[in-house]
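Chemist:
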Amino acid sequence: MVDATPAPLVNPRAGQVALRWLLFAILALFALFYLMPLFVMITTSLKSLDEIRSGSLVALPVQVTFEAWRTAWSSACSGIQCEGLRPYFWNSVALTVPAVAVSTLIGAVNGYVIAQWKFRGANLIFSLMLFGCFIPFQVVLLPMARTLGFMGVAGTIPGLIFVHVIYGIGFTTLFFRNYYVTIPVELVKAAKVDGAGFFRIFWSIFMPLSLPIMMVTVIWQFTQIWNDFLFGVSFSQAGTQPVTVALNNIVNSTTGVKEYNVNMAAAIIAAFPTLFVYAVAGKYFIRGLTAGSVKG
Amino acid sequence: MEAMLEIRNLDKSYGATEILKDINVSAEPGGFLVLVGPSGCGKSTLLNCIAGLESISGGSIHIGGRDMTHVSPKDRNIAMVFQSYALYPTMSVARNITFGMKVRGVDRATRASKLQDVARQLQIEQLLDRRPSQLSGGQRQRVAMGRALVRDPQLFLFDEPLSNLDAKLRVEMRLEIKKLHHDLGATMVYVTHDQIEAMTLATKIVVLKDGVVQQIGSPAEIYRRPANLFVADFMGSPAMNLIPARTSRESGGTRIEIERTGGAPVVLIDTRNGDLPEEVILGLRPEDIAEAGFRAGEEVQEVKCLIDMVEPAGADTFVVSRLAGRQVTARLHSETTAQPGSTLDLAFDLGKVSYFAQDTGERLN
Chain D
4 MVDATPAPLV NPRAGQVALR WLLFAILALF ALFYLMPLFV MITTSLKSLD
54 EIRSGSLVAL PVQVTFEAWR TAWSSACSGI QCEGLRPYFW NSVALTVPAV
104 AVSTLIGAVN GYVIAQWKFR GANLIFSLML FGCFIPFQVV LLPMARTLGF
154 MGVAGTIPGL IFVHVIYGIG FTTLFFRNYY VTIPVELVKA AKVDGAGFFR
204 IFWSIFMPLS LPIMMVTVIW QFTQIWNDFL FGVSFSQAGT QPVTVALNNI
254 VNSTTGVKEY NVNMAAAIIA AFPTLFVYAV AGKYFIRGLT AGSVKG
Chain R
7 MEAMLEIRNL DKSYGATEIL KDINVSAEPG GFLVLVGPSG CGKSTLLNCI
57 AGLESISGGS IHIGGRDMTH VSPKDRNIAM VFQSYALYPT MSVARNITFG
107 MKVRGVDRAT RASKLQDVAR QLQIEQLLDR RPSQLSGGQR QRVAMGRALV
157 RDPQLFLFDE PLSNLDAKLR VEMRLEIKKL HHDLGATMVY VTHDQIEAMT
207 LATKIVVLKD GVVQQIGSPA EIYRRPANLF VADFMGSPAM NLIPARTSRE
257 SGGTRIEIER TGGAPVVLID TRNGDLPEEV ILGLRPEDIA EAGFRAGEEV
307 QEVKCLIDMV EPAGADTFVV SRLAGRQVTA RLHSETTAQP GSTLDLAFDL
357 GKVSYFAQDT GERLN
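So the sequences go chain by chain: D and R.
Counting in our numbering, the first sequence runs from 4 upward without gaps.
Counting in our numbering, the second sequence runs from 7 upward without gaps.
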């Protein structure tokens, strides 16, 4: 505030404080609105079925019980099998971890080549890969089913890994290419004069620079692959289904009573790993998305 | 003596665009070859070709007597310093310097001792554990030089290494590079767009324009006897005065007439150079036009000129006059009494004159 301005009707400091509180209140309201379903999910999962039937949806559980979680994890029925989410959860882990690792690594090499080892047609190939990012996956279901059958991996976890790697490469390449394109080309030249070859330069110079974009890619790929339902339901068979498909089956195959508490617990279990990854690596996500050129 | 670097009939083109045309350049062992020219003239491309970082479309490159035309950069026995320094950002200074040796499989003890030698030589011993991002521009420059020195190559290549530094540091580092060249006795090829850097460092200068060599020579040759109008204008600051003139034969020499507005033409008699075409461009360096009485010699001729501007520059004072519609700068001593708007007798030293053809721009004398 400049001294020369006429005195306002209210104390300017008080006005600012009021405004700030209003802002906080609005933000809190939005947060509440956004978190409400999660709140309902958690409280419902901790209630017994009797309590759910008799009580209000938003009420806190009177008696906290983890019975629903236990059921969801190890004994909920999908179809005729009653082993809970557990085996499918591990299926998801077994398919997501290698698929994320492989697609990220291939994306890094692709991005490195396209950004730093320009060759005739590099831009065309990059454009085609970008195009690949936006193909609706429903379109590729049938040809991919044939391909998997031809390769002899139909209905297996390696088959699913293959599918996710293929359809992840477009995005992972985009991420790494955009990151590496900000790195001065002289770095590669200097390393070439120093005697380093293609992969030596990649491992010794580019990889150590890549932590932020690596995190972005891993979070992105992990979320995509873990949450995938379409490929999971199309290319798996009994025993190799990922957790998303199993969740759907559990929720849909309840006979008689709807076990809301079990469904809620199962849904939280299925969603937990992506939340966990974001919590661990989230700060790099923001940093990596905004990371610019490497000075130095 | 066999040349350390020998480039013969080098051509380089990207598709239909010719970047370098029929380049023939050599550097003697221990020589300091400077490639100079305006941006886009192909000098950096030529350096990249020498390094093997760019392939060439025709011709050959020999380094140390060996044909290196198709040899990869690492086997050319060269070291290179880049404009942006190109230090590996995630490695410490020590690892930056030793990376090349590590790649080539040099053992740990040798690496450590060479690192110490180079660090001492460049006075960067206290920086060895730092990252490039923790260094100042001048320090990064030193590390980049260290990375080249440790290689102990047959040929050093510098790609505008000083252009990212501030003016004062640039002069300091320029001197240091010169000293380094002197101490090592190594052969160096240096690219710059700065003609002062070229003049001060080089034992041999190559002036390039649009991918064509304009002139090759010692700094003195390039400065005193530029091969064409481009070189005359590009080398030297302030630039050479280039004045259109008419010539005619006369007993005792060539009569040179320079038009000027609001006065009789300037007439000079050149007793040394005959056989000039009727229309020429006369070139005189600012220091070859002095105040009357301050320059003696057979070829010195005095002319009364109207002074347009006076620029005191400390050690010298530059005065600007107008002849044949061109600004003509003379370099006078600092105590001159010249005033803008007044007239002054200027001494033209025709002993130093250059003549250029008006149509082709080629040197005539």
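Using N, Cα and C, we set each Cβ at its ideal position, and we do this for glycine too.
These numbers were taken from a predicted model, which means no experiment stands behind them.
(1) Taking any Cβ of chain D, which residues in the segment 12–42 of chain R have a Cβ under 8 Å from it, in chain order?
(2) Ignore the nearest five residues each way along the sequence and tell me which others in D:G82's own chain have a CB closer than 7 Å to its CB.
(3) Three or more beta-carbon pairs under 8 Å between the segment 168–181 of chain D and the segment 206–220 of chain D, yes or no?
(4) Is the segment 220–234 of chain R touching the segment 305–312 of chain R in the sense that three or more CB pairs, one from each, lie closer than 8 Å?
(5) Once you ignore the five residues that flank D:M4 on each side, which residues in its own chain have a CB closer than 7 Å to its CB?
(6) Per DSSP, what kind of secondary structure is R:I130 in: helix, strand or coil?
(7) List the residues of chain R that D:V96 touches, going by C-beta distances under 7 Å, in chain order.
(8) Are there 16 or more other CB atoms within 10 angstroms of the CB of R:D172, so buried, or fewer, so exposed?
(9) Contact defined as beta carbons within less than 8 Å: I believe R:R328 pairs with R:R266. What is the distance between those atoms, to the nearest angstrom?
(10) Please classify R:E297 as buried or exposed, where buried requires at least 16 neighbouring CB atoms within 10 angstroms.
(11) Mind checking if D:K121 is an interface residue toward chain R, Cβ cutoff 9 Å exclusive?
(12) Please decide whether R:M97 counts as near chain D, where near means a Cβ-Cβ distance under 9 Å.
(13) Which full runs of the alpha helix (DSSP H) of 4+ residues lie inside the segment 226–310 of chain R, going along the chain?
(14) Is the beta carbon of R:V272 sitting closer than 9 Å to the one on R:C311?
(15) Using a Cβ-Cβ distance cut-off of 9 Å, determine whether R:G106 contacts chain D.
(16) Count the other CB atoms, across all protein chains shown, that sit within 10 Å of the CB of D:G295; report buried if there are 16 or more and exposed otherwise.
(17) Anything in the segment 188–205 of chain D with a Cβ closer than 7 Å to a Cβ of chain R? List those residues in chain order, please.
(18) Ignore the nearest five residues each way along the sequence and tell me which others in R:L207's own chain have a CB closer than 7 Å to its CB.
(19) Just how far apart, CA to CA, sit D:F33 and D:Q227?
(20) Do R:R337 and R:I295 come within 9 Å of each other at the CB atom, strictly closer than that value?
(21) Between the alpha carbons of D:G299 and D:F165, how many angstroms are there, rounded?
(22) Is there contact here, the segment 69–77 of chain D with the segment 48–57 of chain D, by at least three beta-carbon pairs under 8 Å?
(23) Examine chain D for any beta-carbon lying closer than 9 Å to the beta-carbon of R:M86, and answer yes or no.
(24) DSSP has R:P318 in a bridge; who is on the other side?
(25) Chain C partners of R:L59, CB-CB under 7 Å?
(26) Between R:Q89 and chain D, is any beta-carbon pair separated by less than 9 Å?
(27) Do you know how far the Cα of R:R117 is from the Cα of R:M373?
(28) To the nearest angstrom, how far is the alpha carbon of R:K49 from that of D:P276?
(29) If the cut is a Cβ gap below 7 Å, which residues of chain R does D:P211 touch?
(30) Does the Cβ of D:L38 lie closer than 8 Å to at least one heavy atom of the ligand FMN?
(31) Chain R partners of D:I216, CB-CB under 7 Å?
(32) Please report how far the alpha carbon of D:N236 lies from the alpha carbon of R:Y20, in whole angstroms.
(33) Taking Cβ-Cβ distances below 8 Å as the criterion, which residues of the segment 178–201 of chain R are in contact with chain D?
(34) Mark D:V265 as exposed unless 16 or more other C-beta atoms lie within 10 angstroms of its C-beta, in which case mark it buried.
(35) Ignore the nearest five residues each way along the sequence and tell me which others in R:Q201's own chain have a CB closer than 8 Å to its CB.
(36) Going along chain D in order, which residues have a C-beta closer than 9 Å to the C-beta of R:R110?
Modeler: So, from the data block:
(1) none
(2) N252, S256
(3) yes
(4) no
(5) At D:M4 the pLDDT is 43, less than 50, meaning the model places this residue with poor confidence; the figure from the coordinates comes in the next sentence. Same-chain partners within the cutoff: P15.
(6) coil
(7) Within chain R, no residue comes near D:V96; the closest Cβ sits about 31 Å away, beyond 7 Å.
(8) exposed
(9) 7 Å
(10) buried
(11) no
(12) yes
(13) 235–240
(14) yes
(15) yes
(16) Unreliable placement is indicated for D:G295, whose pLDDT of 44 sits below 50; the coordinate value is still reported in the next sentence. Label assigned to D:G295: exposed.
(17) E189, L190, K192, A193, K195, V196, D197, G198, A199, R203
(18) F38, V40, R180, I183, K184, Y196
(19) 26 Å
(20) yes
(21) A caution first: D:G299 carries a pLDDT of 37, below 50, which makes its placement in the model unreliable, though a value can still be read off. One C-alpha to the other measures close to 39 Å.
(22) yes
(23) yes
(24) R:T323
(25) Absence of chain C from the displayed structure is noted, the protein chains being D and R.
(26) yes
(27) This structure gives no information on residue 373 of chain R, because the portion of chain R shown stretches from 7 to 371.
(28) 56 Å
(29) T96
(30) The ligand FMN is not among the ligands present in this structure, which contains no ligands whatsoever.
(31) Ordered by position in chain R, no residue passes the 7 Å Cβ test against D:I216, which lies about 14 Å from the chain.
(32) Here residue 236 of chain D turns out to be Val, not Asn, going by the sequence shown. Rounded to whole angstroms, D:V236 to R:Y20 spans 51 Å at the Cα level.
(33) none
(34) buried
(35) V42, F240, M241, G242, S243
(36) D197, G198
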